[in-house]
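Let me begin by presenting the structure, written as structure tokens, before commenting on it.
Residue numbers (the numbering used here), protein chains in the order written: chain A, 382 to 509; chain B, -9 to 203.
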């Protein structure tokens, strides 16, 4: 099935600059409906009232981290099926394992490029 | 026996200190105990008392020497000047890189907005270039996180220095000689960039220069 590029994408990062970078890269990939949150709890509120087809989240944020957000998403029957890509500078294998155990769909290590973002998105959404 | 008397006396004094100060006892109190203990060792003393006396005396000397060495490090200056200044400088780096990154991205976004006005082939090539610019801008996030880690380490050092000062008393925290006093050498003038809120702007520099006329 073709990927719906009109889907709503939620990007979560406490660095405004990084939100802007990801938004621009998504725009170049053809995804224009992008919302932003600056930590996990803000993201969770938006997810509960919105209709999102993809979550791209940083890990290291306060008060709610990306890992906590991931666990909340996977514990919520409505949000559980939403693909969740972690984009983070946390590159230790223990981090990747913890994220995988919590149900992450894919994992991108910062710094990253547009090609990596596209590849990881394709792996969870299908080719586009 | 004299040794038993000393043990009792020491035990009573330690109990009194525990009641007064809890389990954390300052160096000054320890020195007081040692002095009081030595005062009790008058009159006939045995060979074992004498050995104990020497041990206690060398312990007191060791504590005083350690205290003098720590005081020479000027822990208060490390905490209040060096660490505080390093933290401010690192915060300024994060602020400056963030501001520069946003300006670079503003320019890249303005370039992208010109794409519809271009030949499609050229527009595509330009988009590839702006993509590289956005990718390169991720350095700011990584730099910021690394610096945050360094600031955390500095804060930990600051806390430990603070505990050291508390344990050894305020007399090791006496301010040292002001390095700014006295004649300035060429090396003293190598201050590096000033923090934004402290830096003079061009108008202030011009006014200062004009004041020499």
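Using N, Cα and C, we set each Cβ at its ideal position, and we do this for glycine too. Nothing here was measured: the structure is a model prediction, and the numbers come from that model.
Check                                                                                                                                  : Outcome
Length of the line joining the Cα atoms of residue 78 of chain B and residue 110 of chain B                                            : 48 Å
Coarse secondary structure for residue 487 of chain A, derived from DSSP in three states                                               : strand
DSSP three-state assignment for residue 75 of chain B, whether helix, strand or coil                                                   : helix
Minimum C-alpha distance to residue 439 of chain A - residue among A:429, A:486 and A:396                                              : A:396
Neighbourhood of residue -7 of chain B by C-beta, 8 Å cutoff - its chain only, sequence neighbours within 5 removed                    : Model confidence at residue -7 of chain B stands at a pLDDT of 49, short of 50, so the residue's coordinates are unreliable; what they give is reported in the following sentence. Hits under 8 Å: 36, 38, 39 and 42.
The segment 458 to 474 of chain A contacting the segment 85 to 92 of chain B, beta-carbon criterion three pairs below 8 Å              : no
Three-state secondary structure assigned by DSSP to residue 36 of chain B                                                              : coil
Identity of the residue in A:508, A:383 and A:403 nearest residue 489 of chain A by Cα                                                 : A:403
Cross-strand partners of residue 465 of chain A (DSSP beta bridge)                                                                     : A:436
Straight-line gap, residue 4 of chain B to residue 46 of chain B (C-alpha atoms, nearest Å)                                            : 15 Å
Burial state of residue 129 of chain B (16 or more Cβ within 10 Å)                                                                     : exposed
For residue 120 of chain B and residue 539 of chain A, the rounded distance between their alpha carbons                                : Outside the displayed span of chain A (382 to 509) sits residue 539 of chain A, for which this structure offers no information.
Segment contact, 8 Å Cβ cut-off, at least three pairs: the segment 431 to 446 of chain A with the segment 469 to 489 of chain A        : yes
Proximity of residue 391 of chain A and residue 427 of chain A at Cβ, strictly below 8 Å                                               : yes
Three-state secondary structure assigned by DSSP to residue 451 of chain A                                                             : helix
is_contact[residue 81 of chain B, chain A] using C-beta, thresh 8 Å                                                                    : no
The alpha helix (DSSP H) enclosing residue 114 of chain B, as first and last residue numbers                                           : 110 to 126
8 Å contact criterion, which residue 400 of chain A and residue 417 of chain A should meet: CB distance rounded                        : 5 Å
Check whether residue 148 of chain B and residue 73 of chain B have beta carbons under 8 Å apart                                       : yes
Buried or exposed by the 16-neighbour rule on C-beta atoms within 10 Å, applied to residue 486 of chain A                              : buried
Against chain A: residues of the segment 123 to 137 of chain B by CB proximity under 7 Å                                               : 124, 125, 127, 128, 129, 130, 131, 132, 134 and 135
Any chain A beta carbon closer than 8 Å to residue 99 of chain B                                                                       : yes
Reduced DSSP category for residue 418 of chain A - H, G, I as helix; E, B as strand; rest coil                                         : strand
Coarse secondary structure for residue 185 of chain B, derived from DSSP in three states                                               : coil
is_contact[residue 47 of chain B, chain A] using C-beta, thresh 8 Å                                                                    : no
Neighbour flag for residue 499 of chain A against chain B, beta carbons, 8 Å                                                           : no
Whole-number beta carbon distance between residue 431 of chain A and residue 389 of chain A, since they are thought to touch under 8 Å : 6 Å
Opposing strand residues paired with residue 393 of chain A [DSSP bridges]                                                             : A:418 and A:438
DSSP three-state assignment for residue 107 of chain B, whether helix, strand or coil                                                  : helix
Distance between residue 477 of chain A and residue 393 of chain A (C-alpha atoms, nearest Å)                                          : 18 Å
Cutoff 8 Å: residue 396 of chain A Cβ touching any chain B Cβ                                                                          : yes
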